[in-house]
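Undergrad: In the UniProt record's numbering, the protein residues as written are 1 to 136. Think of the CB as a built atom: it goes at the ideal place given N, C-alpha and C, for glycine as much as any other residue.
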Amino acid sequence: METAPVKGRLTTPIPVIDAMEPDAREQMYRLMAQAYGLYSAWWDRYIPSLIPGGVIKRRVRRRIAEIEVDDFAIVRDGGVGKMDSEEVVRACEERGIDVLRREEKELREELRKYLEWRKSTDFKAAEKGGDNGVQM
């Protein structure tokens, strides 16, 4: 069985965010952590300034690394067409694709487009100063 390309790596750099000004970068990581549900909403309501920025950054990067491994597994195992409907819905939710009131066929197409985008996006090039396909 083929192994995922992310060996022993728990975090993934996000060059587009890491290139932002410090305040904007911290806010972006917080928003991503909220979107991924990486910490309790209780923290936001009562003591948002006490959540350590480093903890949030590590959690977001770890979650993105997990999604990258999952992307690799989907492609390795035959693509979106080989997934059952529950897997498609879960994969779309994890990637921020809206699933409410949408047909399975439409979700499969959105997930396929996302995976094509992931294949064409080279985050390594962004780390070296190149274009990574993300416009700001």
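For the segment 27 to 34 against the segment 88 to 106, do three or more pairs of beta-carbon atoms, one drawn from each stretch, fall closer than 8 Å, so that the two count as touching?
TA: no
Undergrad: In whole angstroms, what separates the C-alpha of Leu107 from that of Trp42?
TA: 31 Å
Undergrad: What residue does the alpha helix (DSSP H) around Val88 start on, and which one ends it?
TA: 85 to 94
Undergrad: I need the DSSP call for Ser120, collapsed to helix, strand or coil.
TA: In the structure shown, Ser120 sits in a helix (DSSP, three-state: H, G or I).
Undergrad: For my contact list, Val69 and Leu115 are in at a C-beta cut-off of 8 Å; report their separation, rounded to the angstrom.
TA: Incorrect: roughly 13 Å between the Cβ atoms, too far for contact.
Undergrad: Report the three-state DSSP secondary structure of Leu107 (helix, strand or coil).
TA: Under the three-state reduction of DSSP output, Leu107 falls in the helix class.
Undergrad: Taking Arg25 as the reference, which of Glu86, Ile56, Leu50 has the closest Cα?
TA: Ile56
Undergrad: If you run the structure through DSSP and keep just helix, strand and coil, what is Arg25?
TA: helix
Undergrad: Please report how far the alpha carbon of Gly78 lies from the alpha carbon of Arg112, in whole angstroms.
TA: 12 Å
Undergrad: Between Ala19 and Asp84, what straight-line distance do the alpha-carbon atoms span, to the nearest angstrom?
TA: 38 Å
Undergrad: What does the Cβ neighbour count give for Arg63, buried or exposed, with the cut at 16 atoms within 10 Å?
TA: buried
Undergrad: Just to check my reading of the structure: Tyr39 and Val60 have Cβ atoms closer than 8 Å, yes? What is that Cβ distance to the nearest angstrom?
TA: Going by Cβ atoms, the distance from Tyr39 to Val60 rounds to 10 Å, so no, they are not a contact pair.
Undergrad: Is Leu100 helix, strand or coil by DSSP?
TA: coil
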